[in-house]
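A.B. asks: Sending over a structure as structure tokens; questions will come in a sec.
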Amino acid sequence: MLARSARHAIRRSATRQLFCFRGCLIERAQSQRRTAATQASRIPASVDDKGLLELFDHPKSSFAFSPLSTTGLFGHPTLTQPHALISLAEATLARAQLLTDRILRAPQSREELKKVVKNLDRLSDMLCGVIDLAELIRHAHPDKTWVDAANHAYETLCEFMNVLNTHVGLYEVLKLVLSDPSIVKSLSPEAYQTALIFWRDFEKSAINLSPGQRQKFVTLSSEILVLGREFLEGVSAPRPPASIKPTELSGLKDKGLGVRLQLQAHFTQRDLLVYPGSVQAHMIMRAAPEEEPRKRVYIAANSSTPQQINVLETLLCKRAELARLVGYESFAHMTLDDKMVKTPENVRYFLDALMDHTRPLAQKALHALSLRKQAHHGTSTLPIIQAWDKDFYCPPEPPAPPIPLPPLTLGTVFMGLSRLFQHLYGISLRPVTPSSGEVWHNDVQKLEVVDDEKGIIGWIYADLFARRGKASGAAHYTVRCSRRTDDDDEAGDGMIKGQEWRIHESQQFEASKRFRLPGQDGVYQLPLVVLLCEFARPTLSRGATILEWHEVLTLFHEMGHAMHSMIGRTEYQNVSGTRCATDFVELPSILMEHFLTSPTVLSLFSADNTSATRQTGNHHEDPCRHIDNYSQMLLAVMDQVYHSPSVLDPSFDSTTELANLHNGRGLIPHVPGTTFQTQFGHLFGYGATYYAYLFDRVISSKVWRDVFMKDPLNRQLGEKYKSELLLPGGGKDPWKMVSTLLNAPELEIGDAIAMKAIGHWRLEDEISVSASHTY
């Protein structure tokens, strides 16, 4: 589908899954430190590396709104005012129509048929280059007039994109190309993969059905979008409060809050109303010795209205109908068809193997909690751990580094990242001052991504500090993809006589993206990405921004995505960098988090390699990590059930399915009257693919153990990983990439045997997800 490249941002909320590094890291850390001296010498911090310290720890304003700006956003000369974005969208629309007409005329010439795949990719890039830019502006720009202009540009071009996605003429031309053996033989593997992407996405858009069925497809798609928005509104909607008696809070572990709550009840002369998600609710769940208040808060937090349940179940049914319309057994079958796993059955093989390994470990952890509960209540028999017990007997802990570290400033972490990339890939981050008007806020910093041999290979704009109106959470936006451009043959697109002015702006916009790299054939569009985070801004009084460990993990994760975009060097933008299978895209970013388990890597946070200095043994075993992991696996199973053929059964009930799953395969009994499914927002954004994060966690753990763990700064290994996994983007079968990297030919086919094998690899023992994400 042409809209494929408009998968704008890989984002997660502030409570996204966090890796916790626990007790068994102690022995590994000590062993790694003993062997560090025998490893190759570390590259010293360069002037540019040290410049990152100054840039992020002592930032100076580099931007101000001015009508006299020397350039526009991202260096595009015309984008100095909001109306210019609307004008650019209109010019892009005119050019896109010309290119569409050219593709439709391709059957008239064999030479044109050979250019169809390239021209479809150009058409997609032409539209998404503006759509993705508008998407970033919508979420990051502080000026409402810019946001309004971005919304207008976004909607205008997406509307045209939707027309193209169901354009029978384009589908017939592509069908003609793929049915010609000589043309197919002339396509490079990357071009053929791109053609298949378009083909599959057309097929999923009811393109080969009757006009009436295509209209039904459009109607169902619109209904699904509306229901999805309504479902997400319900996810974030406040739940009714729980009524708690003051006497039930006696003995609260947090004495200060407990006294304040009791005083509040005394003065108001009524029971306390505790709202789910509030500080009071979290404190009660973690610190109230009495079971009853915890139970009531839990039930309140996991309640739903009949309307919220109906919205979810209608959404699931509409998705199933859509899949049946285009010939698939279920929505999961349709969604997974072009993913690594291929089928719901393969997802089941993977999850079953993973759960079989994890369940005994989780049961052992649950037994430890039962012993704590027994000691607390003084019972003669082991009590059952209920859903409201876990946080009390095993309070969630923030992630911590494997060894004690000095305070890590934002600049220190960026210096460490640049030095790590230098060791692995021969690539570094170079701070550069943006021109006036180039960035949208004075918080934004610009980094050149510099290859030792090729020079600048892309740019990263870092918008890292929290501010009002900015999108929350952390995100990686691909504003521009890599793509070869010197063979575009724009002259063949034609022109509307007397209307040259209509497309000139779009041509100028694209021309400014093109560069010729030293030692590389052709001219390429270089990637440009934006990192959005919400860290605390440095101040004169507090000094530089000090990152919590979970924030360091987040930054490493997002930079994993960014470097995937930077290094991915493909001729077609539809397969560039992070434009790859959903269940492969998180592998590079999760792997980046593993590097933070290495004291050798942590020493790069110091310009003289001395930040990882001592071990005090202050870590301990966390008995809850296996419970959290197993709970996430259970959610992945639930996601598959909710997108299976069973949702079309008149007797389908999402609450009953959830209860059966918890009581049949879960660890903790389902609580009657609770309906957590209406709060699991990933059911919309990650419908039928929630397994993907677990899948990539397992593979990245294996890559870390087998490739990098013993020598994490080894340039030869880094080059192999770069060439085998990062450079091809989505232009190569990910199974072949993984099997080559791991020297595991049995994985190359990606069949049920491979899925079971990966399930048996299991998650890295010392890593767990945070309870905030899994419950």
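Numbering (full-length UniProt numbering) for the sequence shown: 1 to 775.
Positions of the beta carbon are idealized from the N, C-alpha and C atoms, including for glycine.
Every value quoted in this text rests on a predicted model; they were computed, and no experiment measured them.
Relative to the C-alpha of residue 189, which residue among 331, 113, 570 and 643 is closest?
C.D. replies: Sequence index remark: in the sequence shown, residue 189 carries index 189 (1-based). It is 570.
A.B. asks: Would you kindly check if the distance between the Cβ of residue 658 and the Cβ of residue 627 is under 9 angstroms?
C.D. replies: Sequence index remark: in the sequence shown, residue 627 carries index 627 (1-based). Sequence index remark: in the sequence shown, residue 658 carries index 658 (1-based). The answer is no: Cβ separation not under 9 angstroms.
A.B. asks: Work out the CA separation of residue 404 and residue 549 for me, nearest whole Å.
C.D. replies: Sequence index remark: in the sequence shown, residue 549 carries index 549 (1-based). Sequence index remark: in the sequence shown, residue 404 carries index 404 (1-based). In a straight line, the C-alpha of residue 549 is about 11 angstroms away from that of residue 404.
A.B. asks: Put residue 479 into one of helix, strand or coil per three-state DSSP.
C.D. replies: In the sequence shown, the residue the question calls residue 479 occupies position 479. Residue 479: strand per DSSP, three-state reduction.
A.B. asks: For the beta strand (DSSP E) containing residue 419, list its first residue and its last residue.
C.D. replies: Translated into positions along the sequence shown, residue 419 becomes position 419. Element bounds for residue 419: not the beta strand (DSSP E) but the alpha helix (DSSP H), 410-425.
A.B. asks: Looking at the secondary structure, which residues open and close the alpha helix (DSSP H) in which residue 534 lies?
C.D. replies: For the purposes of this step, residue 534 is identified with residue 534 of the sequence shown, where counting begins at 1. No alpha helix (DSSP H) holds residue 534; the beta strand (DSSP E) holding it covers 528-535.
A.B. asks: Contact between the region 478-495 and the region 119-132: three or more CB pairs below 8 angstroms?
C.D. replies: Contact holds: three or more Cβ-Cβ distances are below 8 angstroms.
A.B. asks: Ignore the nearest five residues each way along the sequence and tell me which others in residue 587's own chain have a CB closer than 6 angstroms to its CB.
C.D. replies: Here residue 587 is taken as the residue at index 587 of the sequence shown, counted from 1. Cβ neighbours of residue 587 beyond the five flanking positions: 696, 699 and 700.
A.B. asks: Using three-state DSSP, classify residue 388 as helix, strand or coil.
C.D. replies: Numbered from 1 along the sequence shown, position 388 holds the residue referred to as residue 388. Assignment of residue 388 by DSSP, reduced to helix, strand and coil, places it in the coil class.
A.B. asks: Could you check the C-alpha separation between residue 755 and residue 336 for me, to the nearest Å?
C.D. replies: In the sequence shown, counting from the first residue as 1, residue 755 sits at position 755. In the sequence shown, counting from the first residue as 1, residue 336 sits at position 336. So the alpha carbons of these two residues sit roughly 14 angstroms apart.
A.B. asks: Rounded to a whole number of angstroms, what is the C-alpha to C-alpha distance between residue 740 and residue 366?
C.D. replies: Residue 740 sits at position 740 when you count from the first residue of the sequence shown. Residue 366 sits at position 366 when you count from the first residue of the sequence shown. Cα to Cα, the separation comes out at about 39 angstroms.
A.B. asks: Is it the case that the region 525-537 contacts the region 459-468, given that we only count it when at least three CB pairs across the two stretches are under 8 angstroms?
C.D. replies: In short, these stretches touch, since the Cβ pair count reaches three.
A.B. asks: Taking 9 angstroms as the threshold (C-beta atoms), are residue 531 and residue 559 in contact?
C.D. replies: As a working mapping, residue 559 is identified with position 559 in the sequence shown. As a working mapping, residue 531 is identified with position 531 in the sequence shown. Yes, the pair counts as a contact, with Cβ atoms nearer than the cut-off.
A.B. asks: Straight-line CA distance for residue 49 to residue 290?
C.D. replies: The sequence position of residue 49 within the sequence shown is 49, counting from 1. The sequence position of residue 290 within the sequence shown is 290, counting from 1. Using only the alpha carbons, I get a separation of about 53 angstroms.
A.B. asks: In whole angstroms, what separates the C-alpha of residue 115 from that of residue 732?
C.D. replies: Reading the sequence shown from its first residue, position 115 is the one you call residue 115. Reading the sequence shown from its first residue, position 732 is the one you call residue 732. Distance between the alpha carbons of residue 115 and residue 732 is about 21 angstroms.
A.B. asks: Tell me whether residue 604 sits in a helix, a strand or coil according to DSSP, three-state version.
C.D. replies: By 1-based counting over the sequence shown, the position of residue 604 is 604. Helix, per DSSP.
A.B. asks: Only counting the same chain, and skipping five residues up and downstream in sequence, which positions put a Cβ closer than 7 angstroms to that of residue 469?
C.D. replies: Translated into positions along the sequence shown, residue 469 becomes position 469. Taken in chain order, the residues that qualify are 142.
A.B. asks: Work out the CA separation of residue 432 and residue 426 for me, nearest whole Å.
C.D. replies: In the sequence shown, the residue the question calls residue 426 occupies position 426. In the sequence shown, the residue the question calls residue 432 occupies position 432. Rounded to the nearest angstrom, the gap between the Cα atoms of residue 426 and residue 432 is 19 angstroms.
A.B. asks: Would you call the region 311-320 in contact with the region 217-228, where contact means no fewer than 3 C-beta pairs closer than 8 angstroms?
C.D. replies: yes
A.B. asks: Curious, which full-length alpha helix (DSSP H) runs of at least 4 residues does the region 431-517 contain?
C.D. replies: Taking only runs of at least 4 residues, the alpha helix (DSSP H) segments lying wholly in the region 431-517 are 500-511.
A.B. asks: Does residue 759 pass the burial test, meaning 16 or more other C-beta atoms within 10 Å, or should it be called exposed?
C.D. replies: Translated into positions along the sequence shown, residue 759 becomes position 759. With 16 or more Cβ atoms within 10 Å of its Cβ, residue 759 is classed as buried.
A.B. asks: My output table needs one value for residue 767: the three-state DSSP class, helix, strand or coil.
C.D. replies: Working through the sequence shown from its first residue, we reach residue 767 at position 767. Reliability of the predicted coordinates at residue 767 is poor, the pLDDT of 41 falling under 50, and no value is obtained from them.
A.B. asks: Can you list, in chain order, the residues of its chain with a C-beta nearer than 7 angstroms to that of residue 136? Leave out the 5 residues immediately preceding and following it.
C.D. replies: Position 136 of the sequence shown, counted from the first residue, corresponds to residue 136. Excluding sequence positions up to five before and after residue 136, its CB lies within less than 7 angstroms of the CB of 477, 479 and 530, all in the same chain and listed in chain order.
A.B. asks: Have a look at residue 438 and residue 78 and give me their C-alpha separation to the nearest angstrom.
C.D. replies: In the sequence shown, the residue the question calls residue 438 occupies position 438. In the sequence shown, the residue the question calls residue 78 occupies position 78. Using only the alpha carbons, I get a separation of about 11 angstroms.
A.B. asks: Indicate the three-state DSSP secondary structure (helix, strand or coil) for residue 544 in the structure shown.
C.D. replies: The count along the sequence shown starts at 1 and reaches residue 544 at position 544. Residue 544: coil per DSSP, three-state reduction.
A.B. asks: According to DSSP, is residue 758 helix, strand or coil?
C.D. replies: Position 758 of the sequence shown, counted from the start, is the residue given in the question as residue 758. Residue 758: helix per DSSP, three-state reduction.
A.B. asks: CA-CA distance, residue 38 and residue 522?
C.D. replies: For the purposes of this step, residue 38 is taken as the residue at position 38 of the sequence shown. For the purposes of this step, residue 522 is taken as the residue at position 522 of the sequence shown. Note that residue 38 scores a pLDDT of 35, beneath 50, so its modelled location is shaky; the value from the coordinates is reported in the next line. Distance from the CA atom of residue 38 to the CA atom of residue 522, rounded to whole angstroms, is 42 angstroms.
A.B. asks: Check whether the region 242-251 touches the region 201-218, taking contact to mean three or more Cβ pairs, one atom from each stretch, closer than 8 angstroms.
C.D. replies: As far as the Cβ criterion goes, the region 242-251 does not touch the region 201-218, which means the pair count is below three.
A.B. asks: Around the C-beta of residue 540, are 16 or more other C-beta atoms found within 10 angstroms, so that it is buried, or is it exposed?
C.D. replies: Against the sequence shown, residue 540 aligns to sequence position 540. Burial call: exposed.
A.B. asks: Give the straight-line distance between the Cα atoms of residue 506 and residue 73, rounded to the nearest whole angstrom.
C.D. replies: Looking up residue 506 in the sequence shown gives position 506. Looking up residue 73 in the sequence shown gives position 73. About 15 angstroms.
A.B. asks: Just list the alpha helix (DSSP H) runs in the region 545-583, keeping only unbroken ones of 4 residues or longer that don't cross its boundaries, in chain order.
C.D. replies: 549-567
A.B. asks: May I ask you to list the residues that DSSP assigns as paired with residue 539?
C.D. replies: Position 539 of the sequence shown holds residue 539. DSSP, once it has assigned bridges, lists 543 as partnering residue 539.
A.B. asks: If you check the beta carbons only, do residue 782 and residue 205 fall under 9 angstroms apart?
C.D. replies: Summary: the structure shown does not reach residue 782, with the chain confined to residues 1 through 775, and so no result is reported for it.
A.B. asks: For residue 216, I'd like the list of residues in its chain whose CB is within less than 7 angstroms of its CB, leaving aside the five on either flank, ordered along the chain.
C.D. replies: Stepping through the sequence shown from its first residue, residue 216 is reached at position 216. Correct list, in chain order: 325.
A.B. asks: Using only the alpha-carbon positions, how far apart do residue 100 and residue 705 sit?
C.D. replies: Position 100 of the sequence shown, counted from the start, is the residue given in the question as residue 100. Position 705 of the sequence shown, counted from the start, is the residue given in the question as residue 705. Distance between the alpha carbons of residue 100 and residue 705 is about 48 angstroms.
A.B. asks: On the three-state DSSP scale, how would you describe residue 668?
C.D. replies: Stepping through the sequence shown from its first residue, residue 668 is reached at position 668. Looking at residue 668 - three-state DSSP - the assignment turns out to be coil, as it is neither helix nor strand.
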